[in-house]
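Read left to right, the sequence shown gives residues 1105 to 1298 (this note's numbering).
The structure appears right after this line, and notes come after that.
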Amino acid sequence: MAKGSTAILVEDDTSGVATALREQVHAAFTSAERHGIPAIAFMAMVNADARPMIEDGAIREGYATAEEGLALLLNAEGGCVDLVTAGKLFKRPGGVTRQTLWEKIKHGELIAYQTAAGRWMLPKWQFRPQGGLLRGLPDVLVKIRETLPEAGELFPFTFFLQPNPATGDKTPLEALRSGAIALVLTAVEGEVVA
């Protein structure tokens, strides 16, 4: 990232990327402290690991910045929609209210992230064309909550949209669409770092 660009990102964070990344960093520090690693020691570990990757360009592989990589994930598979549009995609008889969707988000039953402006955005790919959620998605989200309680709100994006060895090097989303729910659940278990 160019010198001074952090301030620009924070001021212009309309997509919520910086806020979401900050939340993930906070969750990582909290998890480290919960496991007995002081914050200052964890920071030193992260810096020691990240500095060579940044200097060598390994983190950037194919993306100009981390923010652009995240933007690609958020816009993959049709992108994200607000609560009103998500209610239409859900297509339950009689419609689904924003309150109902908010309750599902709050309980981890829908994938969503909150922008810096406070708007909830939901990925289109979690909904079936005929309405409702992808078959098996609720089970996978429960497994994520149980197995990775410290996972941030952006974890499902990286998990579902990147190839995984447990799903035959397909994305877990592709595996879920093909009905391979058990493989996707196994992939969640594979995300646990010993």
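We put the CB at the ideal spot given by N, CA and C, even for glycine.
Fair warning: this is a prediction, and the values are worked out from it, not measured in the lab.
Report yes if the CB atom of residue i is closer than 8 Å to the CB atom of residue j, and no otherwise.
i, j, result
"E1257", "A1291", "no"
"V1185", "M1225", "yes"
"T1262", "N1268", "no"
"L1245", "E1213", "yes"
"G1236", "F1194", "yes"
"G1173", "K1228", "no"
"E1254", "T1134", "yes"
Looking only at its own chain, which residues have a Cβ that is under 8 Å from the Cβ of residue i, when we skip the five neighbours before and after it?
i, result
"K1247", "L1289, V1292 and E1293"
"V1188", "R1202"
"D1273", "P1267"
"A1045", "There is simply no residue 1045 to check, as the chain begins at 1105 and stops at 1298 in what is shown."
"P1242", "E1213"
"E1278", "T1271"
Leaving out five residues on either side along the sequence, give the residues of the same chain with a beta carbon under 7 Å from the beta carbon of residue i.
i, result
"I1098", "The question about residue 1098 has no answer, for the chain in this structure spans 1105 to 1298."
"A1180", "L1265"
"L1238", "Q1230, R1232, L1280 and R1281"
"T1110", "Only weak support is given to the placement of T1110: the predicted model assigns it a pLDDT of 38, under 50, and the value that follows is read from those uncertain coordinates. Contacts found: none."
"A1270", "L1287, T1290, A1291 and G1294"
"I1112", "Low per-residue confidence applies at I1112: pLDDT is 35, beneath 50, and the placement is therefore not dependable, though the value from the model is reported in the following sentence. Around I1112: no qualifying Cβ."
"G1108", "Since pLDDT at G1108 reaches only 38, below the 50 mark, its modelled position is unreliable, and no value is offered."
Go ahead and label residue i buried or exposed: buried means 16 or more other beta carbons lie within 10 angstroms of its beta carbon, across all protein chains shown.
i, result
"L1176", "exposed"
"A1286", "exposed"
"A1221", "exposed"
"G1191", "buried"
"P1260", "buried"
Strictly under 8 Å for the Cβ-Cβ distance: is residue i near chain D by that measure?
i, result
"L1241", "Here there is only one protein chain, and chain D is not present."
Here's a check: name, in chain order, each residue in its chain whose Cβ is nearer than 6 Å to the Cβ of residue i, leaving out the five neighbours to either side.
i, result
"R1164", "Confidence at R1164 is low in this model, with a pLDDT of 49, below 50, so its placement is unreliable and no value can be given for it."
"G1283", "none"
Any idea which residues DSSP pairs residue i with across the strands?
i, result
"N1179", "BP columns for N1179 are empty, so no partner."
Any heavy atom of the ligand ZN closer than 7 Å to the Cβ of residue i?
i, result
"S1135", "This structure simply doesn't include the ligand ZN, nor any ligand for that matter."
Mind listing, in chain order, the continuous beta strand (DSSP E) runs of no fewer than 3 residues lying wholly within the region 1186-1260? 1224-1227
Any alpha helix (DSSP H) of 4 or more consecutive residues that is wholly inside the region 1260-1285: If one requires a minimum length of 4 residues, the alpha helix (DSSP H) runs lying completely within the region 1260-1285 are 1276-1281, in chain order.
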